[in-house]
Each structure stands twice: as C-alpha cells, then as structure tokens.
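Yeah, the sequence shown ends on 266 if you go by our numbering, and it's all consecutive. Ideal Cβ placement from N, Cα and C applies to all residues, glycine included. These figures come from a predicted structure and were not determined experimentally. Worksheet: one structure, shown below.
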Amino acid sequence: MSSLHDSIFVADNLLPQQDHAALWEFFSAQSFDRVHDGGLTRVYRLTDGESWISSGHYLRIHEEPASDVPPSGGISENPLMRLFQAMFADERFRTVAGGFAPWSHLSFNCSLYPPGCALGWHADKGHSAAFIYYVHPQWRDSWGGELLLQSPATAEGAEEGGATSCASMAHDDFYSPISMARDPALGDGYYLAPKPNRLVVFRSGIRHMVKRVEPSAGEAFRASISGFFTIPGDEQR
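Following this line, the structure appears as structure tokens:
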C-alpha cells in the first residue's frame, strides 16, 4: 500500500523482519506512565480509557526549518534510527512530505493501548505532520484499534469548531485545547488497521481518532511509535 491521498502516506512491511523485531524489543524495554498520571491530559477524553505512554524525545533533522527530506545515509545500528532511515528513503513518502510545512525535528514516544482504550476525534495543530508505526508482533481484525482519518477534502471544507448552541457545547468546551475536536461536520474518510510493521504519515489538520481496542485482544495491546514533524515550541494539540 502507498499513498491514499496527497496528504496521507501508508507503507506496509516497511522494515525487514529482523528490524521490526528489534523495534519490538526496544519498545518492550521502555518505561510507561498512564496518560493522566501527571494530571488530566485533555487530548484524551475521560471516556477514552487510560492508555500508556513513554517519555518523549526530540531528534533534530534540519538545522533550520525546511520541508524537504534529508537523503538516507548508511544503515544505523540503532533500530529506531533504522525506522526513520527507511521512512526517509521511500520515494513515495518523499513525494507526500514535499507538501508539509517546514519542520526541523521529529518528536516521538511509544504508546500502549490495552483493551478498553481509544482516542477520540481530534486534529493536531502546531505540527507539519504526524506519523505512526505499529510495533506489535501480531494483530487480529477482531481486536479493534483502527486509525480513522477524515477525508482531507471534508476537513478543508469544514469550519473549525462548527456552529452549535452554547448550551449544547457546554461539556465539549472542557476539551477546547483539542484543536477542531468539536467540529460536527460529517463526511467520508479512511480506516487503517494497525497492521504490524505498517507506517502511516499524514499532514497536520486532518481529523482522526483511534478506535477502542476490544476485550477480545485479551493481554495483547496496540503498540506504536508515534510523533510529529515539528518545530519545538510550536506545538498545540
């Protein structure tokens, strides 16, 4: 699979199997905290359950913000760097990335969604684009956890915040830091299963959500390395 749209890129089997396995080992060695352990994080609604995240990291790619993608160098011994090298080396990705706003860093962390966890509709702002790489070694369609993406055409045609009465939005106002979370526009879009070794990249401003991981997953969980093409200090969610 390749680009779904000029703002959305999908690559299956991005890495050789041994590199995917090395990233699973890297993921398994991380320390995780519940998303609300440090206080209420409003991008996660109270109905989303409590997923888990690792510490965040920044990786400088450009000295000055730019929209191009650096050339891929030699193969790194670091499994995380091999992920980014494989992403940058994909010509289809480079075409999609040419439309991103200028950025300088990759910010990223690991996230873990056990059964019962989801992430409601939102659109990230203050970034050029987002990426998600699925690290878990297996996934079944009955386990849920799909990524839903609103069609960029629908998103571009909708007014941020929508038009509803103050009374009906009283509780949604609590989540106002979530950009465009209140947008009531209905439209078409895409769903992407969290297939192991799949990379998804999409431009900032596209509304998206993570469907709930189902109880049938048992002790399995949705595992991803995700983050943003960004400029530190510009972030909003």
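{"Check": "Residue 191 classed as buried or exposed, judged by whether at least 16 other C-beta atoms fall within 10 angstroms", "Outcome": "With a pLDDT of 38 at residue 191, under the threshold of 50, the predicted position of this residue should be treated as unreliable, though the coordinate-derived value follows. Residue 191 is exposed by the Cβ-count criterion."}
{"Check": "Own chain residues within Cβ distance below 8 Å of residue 90, not counting five before or after", "Outcome": "99, 132, 133, 134, 135"}
{"Check": "Nearest-angstrom beta carbon gap, residue 159 and residue 233 [assumed within contact, 8 Å]", "Outcome": "7 Å"}
{"Check": "For residue 164 and residue 42, the rounded distance between their alpha carbons", "Outcome": "11 Å"}
{"Check": "Residue 40 to residue 228 span [Cα, whole Å]", "Outcome": "5 Å"}
{"Check": "Rounded straight-line distance, which links the Cα of residue 106 to that of residue 162", "Outcome": "19 Å"}
{"Check": "Status (buried if at least 16 other CB within 10 Å, exposed otherwise) for residue 137", "Outcome": "buried"}
{"Check": "DSSP bridge partner residues for residue 253 (one or two, in chain order)", "Outcome": "140, 163"}
{"Check": "Beta-carbon proximity of residue 176 to residue 223, cut-off 8 Å", "Outcome": "yes"}
{"Check": "Beta carbon of residue 35 nearer than 8 Å to that of residue 128", "Outcome": "yes"}
{"Check": "Distance between beta carbons of residue 52 and residue 112, contact taken as under 8 Å", "Outcome": "6 Å"}
{"Check": "Alpha helix (DSSP H) segment containing residue 49, residue limits", "Outcome": "46 to 57"}
{"Check": "Member of 179, 84, 241, 242 whose CA lies at the smallest distance from the CA of residue 220", "Outcome": "179"}
{"Check": "Best match in 261, 253, 146, 225 for proximity to residue 79 [C-alpha to C-alpha]", "Outcome": "146"}
{"Check": "Nearest-angstrom Cβ-Cβ length linking residue 245 and residue 171, presumed shorter than 8 Å", "Outcome": "5 Å"}
{"Check": "Residue 115, DSSP secondary structure in three states", "Outcome": "helix"}
{"Check": "Nearest neighbour of residue 250, chosen from 88, 225, 37, 126 [CA to CA]", "Outcome": "225"}
{"Check": "Close-in-space but distant-in-sequence residues of the same chain around residue 143 (CB under 7 Å, 5 per side omitted)", "Outcome": "242, 250"}
{"Check": "Proximal residues to residue 174 (C-beta, below 7 Å), its chain only, five neighbours per side dropped", "Outcome": "142, 223, 239, 240, 242, 251"}
{"Check": "Residue range of the alpha helix (DSSP H) that includes residue 125", "Outcome": "120 to 126"}
{"Check": "DSSP state of residue 259 mapped onto helix, strand, coil", "Outcome": "strand"}
{"Check": "Cβ separation of residue 37 and residue 258, assumed to be a contact under 8 Å, to the nearest whole Å", "Outcome": "About 14 Å separates the two Cβ atoms, so there is no contact after all."}
{"Check": "Beta-carbon contacts of residue 48 that lie in its chain and below 7 Å, excluding the five residues immediately before and after", "Outcome": "108, 111"}
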